[in-house]
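Asker: I'd like to ask some things about the structure below.
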Amino acid sequence: MKRKVVFIMAAALIAGTCLYACADNEQTGRSNVEGLDKLAEVKAIAREEGSGTRAVFAQLTGLESSASETASDMTRDDAKIEESGESVLEAVKEDSSAIGYVSAGTVDSNSEVKTLSVNGVFPDEDTIENGKYPLSRSFYLAYSGKLSDLERDFLEYVKGAGQAIVAEDFVAIGSETSFLSYKSSGKIKIEGSTSVAPLMKKLAEDYSTYNPGAEIIVEESDSTRGLTAAIQGECDLAMASRELESYEKELLSYDMIAKDGILITVNKENPLQDISIGQLKDIYDGTVKEWEQLNK
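Numbering follows my numbering, with no gaps: position 220 of the sequence shown is 1029.
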């Protein structure tokens, strides 16, 4: 993952100021950071319902309540909703009091936001791959029924030679392997997660160099709509940035294609360097509405 260099540089810069806060976060879920009282009321930026990023974030932070038969997302009603990682980053960049969550593949050195460590662990290739970063997840391609020759060829490429493309922005699930296409012609329609879509477009473009006779169409919606489209036969492959629900697993086959981390981003004026899972839950369920509450 080429962004590992960016991650490590950022981690080194925050290490000196984060040590006491990280330790305190891990033990009590609280920190003691100067300057939080100068920020305005917390502006929570969230993704839309159906987003795989939102679903995983809610699950891993405890925002997802399973008290009833149908799990519910307890994200605060006044959260600002954005429909892509890019728009989340833009909202955070423009508001000193904002906080948002995005796929690691969305953040680069030009994003003009600050990435926080979580429970004292900064997201990089190693901590995401081994699961030490608390907000790690996987990307999937799912499909209904039997794969066509072209679909099978493309999936073999993604899990083999395509892992070199995966490793540019995410964590590969395995080493790059050689690939010899069967050069089946035809069209593949892929729909789903906005977090996976940029990666899929890169993979589709690279695959065309192996198989010029293939036409691959990538449409962005969200994980749930993509999986539903695959179940209903409206697309050939679905992109999912969350674990499949039990009923989805019964109706679809699926393959992991990459590992990712959900990054917590704040405005560069925010003095915070580290945040705990408990604090994230408190912010996004509305318990914490002022930044200085994190020091109490």
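Note that the Cβ used here is the ideal one computed from N, Cα and C, for glycine as well.
List the whole-angstrom C-beta distance separating ILE1086 from PRO943, where the pair is believed to meet the contact cut-off of C-beta under 8 Å.
Answerer: Contact holds; Cβ gap of about 6 Å.
Asker: In the DSSP assignment, find the unbroken alpha helix (DSSP H) run with ARG946 in it and report its ends.
Answerer: Not the alpha helix (DSSP H): ARG946 falls in the beta strand (DSSP E), residues 945-952.
Asker: Where do the N-terminal and C-terminal ends of the beta strand (DSSP E) with ILE1073 fall, by residue?
Answerer: That run of the beta strand (DSSP E) goes 1062-1075.
Asker: Rounding to the nearest angstrom, what Cα-Cα distance links SER1017 and ILE997 in this structure?
Answerer: The straight-line gap from Cα to Cα measures roughly 12 Å.
Asker: Taking 8 Å as the cut-off, does the segment 916-927 touch the segment 989-1008 (at least 3 CB pairs, one atom from each stretch)?
Answerer: Result no; under three Cβ-Cβ pairs closer than 8 Å.
Asker: Can you list the beta strand (DSSP E) stretches of 3 or more residues lying completely in the segment 889-958, in chain order?
Answerer: Listed in chain order, the complete beta strand (DSSP E) runs (minimum 3 residues) inside the segment 889-958 are 889-891, 907-912, 923-927, 945-952.
Asker: Between the Cα of ALA913 and those of SER947, GLY1042, ASN1076, spot the shortest distance and give me the residue it belongs to.
Answerer: Cα-wise, what sits closest to ALA913 is SER947.
Asker: Which stretch, first to last residue, makes up the alpha helix (DSSP H) that contains GLU1024?
Answerer: GLU1024 -> not in any alpha helix (DSSP H); beta strand (DSSP E) instead, spanning 1023-1029.
Asker: Starting from ALA867 and walking both ways along the beta strand (DSSP E), at which residues does that stretch end?
Answerer: Element bounds for ALA867: not the beta strand (DSSP E) but the alpha helix (DSSP H), 861-870.
Asker: Let me know if GLN1088 comes out buried or exposed under the rule of 16 or more other beta-carbons within 10 Å of its beta-carbon.
Answerer: Classification of GLN1088: buried, given that the 10 Å Cβ count is 16 or more.
Asker: Along the alpha helix (DSSP H) that carries ILE1086, what are the first and last residues, could you check?
Answerer: 1086-1093 is the extent of the alpha helix (DSSP H) around ILE1086.
Asker: Taking buried to mean at least 16 other C-beta atoms within 10 Å of its own C-beta, is GLN972 buried or exposed?
Answerer: The residue is buried, with at least 16 neighbouring Cβ atoms inside 10 Å.
Asker: From ASP846 to LEU1072, what does the alpha carbon distance come to, in whole angstroms?
Answerer: For ASP846 and LEU1072, the distance between alpha carbons rounds to 24 Å.
Asker: May I ask you to report which of helix, strand or coil DSSP gives MET1009?
Answerer: DSSP places MET1009 in helix when its eight states are reduced to three.
Asker: Suppose you measure from the CA of ALA907 to the CA of SER987; what does that come to, to the nearest Å?
Answerer: C-alpha separation (whole angstroms): 45 Å.
Asker: Using the DSSP secondary-structure output, state which residues sit across from GLU850 in a beta bridge.
Answerer: Bridge partners of GLU850: GLU1099.
Asker: At what residues does the beta strand (DSSP E) containing GLU843 begin and finish?
Answerer: GLU843 -> no beta strand (DSSP E), and no H or E assigned at all.
Asker: Look up SER1001 in the DSSP assignment and give the residues it is bridged to.
Answerer: For the sequence presented, residue 1001 should be read as Gly rather than Ser. Paired residue(s): GLU1029, MET1048.
Asker: Excluding the 5 residues preceding and the 5 following ALA900 in the sequence, name in chain order all residues of the same chain whose CB lies nearer than 7 Å to its CB.
Answerer: Here the set comprises ILE854, LYS889, GLU891, ALA907, GLY909.
Asker: Could you tell me the alpha carbon to alpha carbon distance between LEU848 and SER905, rounded to whole angstroms?
Answerer: Those two C-alpha atoms are separated by around 7 Å.
Asker: Please return the same chain residues whose Cβ sits closer than 7 Å to the Cβ of ALA1006, not counting the five positions on each side in sequence.
Answerer: Cβ neighbours of ALA1006 beyond the five flanking positions: VAL1027, GLU1029, MET1048.
Asker: With burial defined as no fewer than 16 other Cβ atoms inside 10 Å of the residue's Cβ, what is the status of ASN919: buried or exposed?
Answerer: Exposed, since its Cβ has fewer than 16 Cβ neighbours within 10 Å.
Asker: Just grab the DSSP bridge partners of GLY995 for me.
Answerer: Answer is ALA1023.
Asker: Taking 8 Å as the cut-off, decide whether the C-beta atoms of GLY861 and ARG1034 are in contact.
Answerer: It is not a contact, given that the beta carbons lie outside the stated cut-off.
Asker: If you follow the alpha helix (DSSP H) that VAL975 is in, where does it begin and where does it stop?
Answerer: Per DSSP, VAL975 belongs to the alpha helix (DSSP H) from 972-978.
Asker: Could you compute how far the alpha carbon of GLU934 sits from the alpha carbon of LEU959?
Answerer: Taking the straight line from one Cα to the other gives about 31 Å.
Asker: Leaving out five residues before and five after ASP1094 in sequence, what residues of the same chain have Cβ atoms less than 8 Å from its Cβ?
Answerer: Once the five neighbours on either side are set aside, the close Cβ partners of ASP1094 are LEU872, MET883, THR884, ARG885.
Asker: Check whether the Cβ atoms of VAL911 and VAL897 lie closer than 8 Å to each other.
Answerer: Taking 8 Å as the Cβ cut-off, VAL911 and VAL897 qualify as a contacting pair.
Asker: Please check the pair TYR949 and TYR1063, which I expect to be a contact at CB under 8 Å, by giving their CB distance rounded to whole angstroms.
Answerer: Correct: roughly 5 Å between the Cβ atoms.
Asker: So for GLU858, helix, strand or coil by DSSP?
Answerer: GLU858 falls in the coil class under three-state DSSP.
Asker: Evaluate ASN939 with the Cβ neighbour count: other Cβ atoms within 10 Å of its Cβ, from every protein chain shown; 16 or more gives buried, anything less gives exposed.
Answerer: Classification of ASN939: exposed, given that the 10 Å Cβ count is below 16.
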